[in-house]
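Colleague: Quick one: this structure, given as structure tokens, is what I'll be asking you about.
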């Protein structure tokens, strides 16, 4: 088979509004790198909501030229494809130089959402591929496409996905698979590891340039600060955002699976969807990554790992900060923000709008009961929402929740305390708030696997249907009721690893 060649830059039905930002920093930060063509290509999934948010015309999906460009077969006029360099800690060990091994940024565009980086993941090798092929497989590309949009639907900060394209081109992982490219979008893909890279190599001027760029482009309230105040302020703001992100992950039962420093966003976005999972049965020790043999990134350990990663970032910034105490003070923000944010989110899941001293114990007692019986995390919270909503009229409204527990007497005892905490609050109003907080639909592993298997057979309907549901996960979607139930037994046999 002849190797396809990249066509020259082309005009498309839409002139993309390129506006260099990170791309203007220079060669120390990224290397020009054109995509490697992936022909023939076809659409797998398209995201019209993000298209609208970026103010790009809906007819984009009908353009063969755009299909080619977002598959890496041609260059968009005005784009400047490149791959960025970074380093990082992987599984707690310094890994040295890493970089965009299979992600190529086309450049940044001006949108109503601000400047957004357009990146092709799986578009071929880069200078940082470390002997890898730079490709992504259909399986992992569909997972990232759906997961990033599922998180956005839940209101959790995340990179987003504009589309997935596929090709029959073979890619070899554990087995022979087919290639795909995700077009993903974020205000910035800068990671903790970008700072670690320049700090570890003694490139203080580049480190300063990067920090100043992030402040000027994304942390506007710090722009008037200089010296220690500016860089400690940056560390404190990243710490705050990361703490809030961890609280959001924990509150929906999300496991990232590979929280290396090179997978942590400086903007506090959920970044790099590899071996992720939304938990089925509640288990704080759950490990979603088959490659994580030590359990470093188990669900309950995620908040502490994030704190450890922030210390790595703080260490990387020390060449710009002339005293240790203010840096440590910035990091200490985590110890306040994370528990407060998690408490607030768990109260919201219970329909509580104010804080009482016993609220944390109320939550912990329920979680312990769920852990004991491996109660499904999402189903329990959704049924509890309905139960509260209906309890003013129905005597047995809580029975569907109770039925999820093997030790029903434990739930019964907890319910007494919970209803006492609700007091005289209007149950329908409380339940309605809970139904808007506790999702009915999440991207369970088995749903993603079903969509993947259908896509491998050439049917992309479930990919698009899941996307539509996950954009509004708290809505009822009666036609998709089967996707809201308990996971089937075979779901527990799905193994997701770092190659996923």
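Numbering (this note's numbering), first residue to last: 485 to 984. Just so you know, even glycine gets a beta-carbon here, dropped at the ideal spot from N, CA and C. Bear in mind that the values here come from a model prediction, so they are computed numbers and not experimental data.
For residue 977 and residue 930, I'd like the C-alpha separation in whole angstroms.
Modeller: The alpha-carbon atoms of residue 977 and residue 930 are separated by roughly 10 Å.
Colleague: Alpha carbons only, please: which of 704, 892, 566 is nearest the one belonging to residue 591?
Modeller: When only C-alpha atoms are compared, the closest one is 566.
Colleague: Which word fits residue 689, buried or exposed, when buried means at least 16 other C-beta atoms lie within 10 angstroms of its C-beta?
Modeller: Residue 689 is exposed by the Cβ-count criterion.
Colleague: Between the C-alpha atoms of residue 661 and residue 654, what's the straight-line distance to the nearest angstrom?
Modeller: If I take the Cα positions, the gap works out to 6 Å.
Colleague: For residue 890, which residues from the same chain have a beta carbon less than 7 Å from its beta carbon, with the 5 sequence-adjacent residues on both sides left out?
Modeller: 857, listed in sequence order.
Colleague: Grab me the residues of residue 643's own chain with a C-beta within less than 6 Å of its C-beta, minus the 5 sequence neighbours each way, in chain order.
Modeller: 632, 668, 670, 753, 755, listed in sequence order.
Colleague: Just tell me which of 560, 520, 525, 638 has its CA closest to the CA of residue 611.
Modeller: The option with the nearest alpha carbon to residue 611 is 520.
Colleague: From 881, 967, 589, pick the residue whose C-alpha is nearest to that of residue 673; which is it?
Modeller: The residue with the shortest Cα to Cα distance from residue 673 is 589.
Colleague: May I have the straight-line CA-CA distance separating residue 747 from residue 760, to the nearest angstrom?
Modeller: Rounded to whole angstroms, residue 747 to residue 760 spans 12 Å at the Cα level.
Colleague: By the DSSP assignment, the alpha helix (DSSP H) with residue 642 in it spans what residues?
Modeller: No alpha helix (DSSP H) holds residue 642; DSSP gives it neither H nor E.
Colleague: Can you name the residues that DSSP bridges to residue 530?
Modeller: Bridge partners of residue 530: 647.
Colleague: Which runs of the alpha helix (DSSP H) fall wholly inside the region 729-783 and span at least 4 residues, in chain order?
Modeller: Whole alpha helix (DSSP H) segments, 4+ residues: zero.
Colleague: For the region 789-800 against the region 770-777, do three or more pairs of beta-carbon atoms, one drawn from each stretch, fall closer than 8 Å, so that the two count as touching?
Modeller: Flag = no, the region 789-800 and the region 770-777 do not touch.
Colleague: Going along the chain, which unbroken runs of the beta strand (DSSP E) with 3 or more residues stay wholly within the region 654-710?
Modeller: You should have 660-670.
Colleague: Quick one: is residue 578 buried, meaning 16 or more other Cβ sit within 10 Å of its Cβ, or exposed?
Modeller: Counting Cβ neighbours within 10 Å, residue 578 comes out exposed, since fewer than 16 surround it.
Colleague: If you draw a straight line from the alpha carbon of residue 785 to that of residue 769, how long is it in whole angstroms?
Modeller: Their Cα atoms are separated by approximately 8 Å.
Colleague: Just the C-alpha distance for residue 896 and residue 881, rounded to the nearest angstrom, thanks.
Modeller: Approximately 13 Å, taken between the alpha carbons.
Colleague: For residue 764, which residues in the same chain have their Cβ closer than 6 Å to its Cβ, ignoring the five residues on either side in sequence?
Modeller: These residues qualify, in order along the chain: 860, 971.
Colleague: From 715, 868, 646, 551, pick the residue whose C-alpha is nearest to that of residue 914; which is it?
Modeller: If we check each option's Cα against that of residue 914, 868 comes out closest.
Colleague: Which of the three DSSP states, helix, strand or coil, is assigned to residue 500?
Modeller: Coil at residue 500, not helix or strand.
Colleague: Would residue 935 and residue 637 qualify as a contact pair, given that the criterion is a beta-carbon distance under 8 Å?
Modeller: Against a cut-off of 8 Å, the Cβ pair of residue 637 and residue 935 comes out as no contact.
Colleague: Give a yes or no on whether the C-beta atoms belonging to residue 801 and residue 695 are separated by under 8 Å.
Modeller: Against a cut-off of 8 Å, the Cβ pair of residue 695 and residue 801 comes out as a contact.
Colleague: Measuring from the CB of residue 678, is there a heavy atom of the ligand ATP at a distance below 7 Å?
Modeller: Looking at this structure, you won't find the ligand ATP or any other ligand, since it has none at all.
Colleague: Beta-carbon separation of residue 664 and residue 620 under 8 Å?
Modeller: Yes, they are a contact pair.
Colleague: Taking all protein chains shown into account, do 16 or more other C-beta atoms lie within 10 angstroms of the C-beta of residue 508, making it buried, or fewer, making it exposed?
Modeller: The residue in question, residue 508, is exposed, as its Cβ has fewer than 16 Cβ neighbours within 10 Å.
Colleague: Under the assumption that residue 657 contacts residue 750 (Cβ atoms under 8 Å), give the Cβ distance between them as a whole number of angstroms.
Modeller: Not a contact, Cβ separation roughly 30 Å.
Colleague: Can you tell me the Cα-Cα spacing of residue 557 and residue 647, whole angstroms?
Modeller: Looking at the two C-alpha atoms, the distance is approximately 15 Å.
Colleague: Distance, Cα to Cα, residue 757 vs residue 623?
Modeller: For residue 757 and residue 623, the distance between alpha carbons rounds to 12 Å.
Colleague: What ranges does the alpha helix (DSSP H) occupy inside the region 851-933, keeping only unbroken runs of at least 4 residues that lie completely in it?
Modeller: The qualifying runs are 861-874, 883-886, 892-906, 911-919.
Colleague: Quick one: using the 10 Å Cβ neighbour count with 16 as the cut-off for buried, is residue 740 buried or exposed?
Modeller: Under this definition residue 740 is a buried residue.
Colleague: Buried or exposed for residue 614, please, with buried defined as at least 16 other CB atoms from any protein chain shown within 10 angstroms of its CB.
Modeller: That one is exposed.
Colleague: With three or more beta-carbon pairs closer than 8 Å as the criterion, would you say the region 902-918 touches the region 864-878?
Modeller: Cβ pair count under 8 Å is three or more, so yes.
Colleague: Pick from 511, 677, 538: whose alpha carbon is nearest that of residue 499?
Modeller: Checking every option, the nearest Cα to that of residue 499 belongs to 538.
Colleague: Which residues in the same chain have their Cβ closer than 8 Å to the Cβ of residue 466, if we skip the five residues on either side of it in sequence?
Modeller: This structure does not reach residue 466, given that the chain is present from 485 up to 984, and the question cannot be answered.
Colleague: Please tell me whether residue 729 and residue 699 are closer than 8 Å, where the distance is taken between their beta carbons.
Modeller: No, these two residues do not count as a Cβ contact at 8 Å.
Colleague: Which value, in whole angstroms, describes the spacing of the CA atoms of residue 434 and residue 912?
Modeller: No statement about residue 434 is possible, as the shown extent of the chain runs from 485 to 984 and does not include it.
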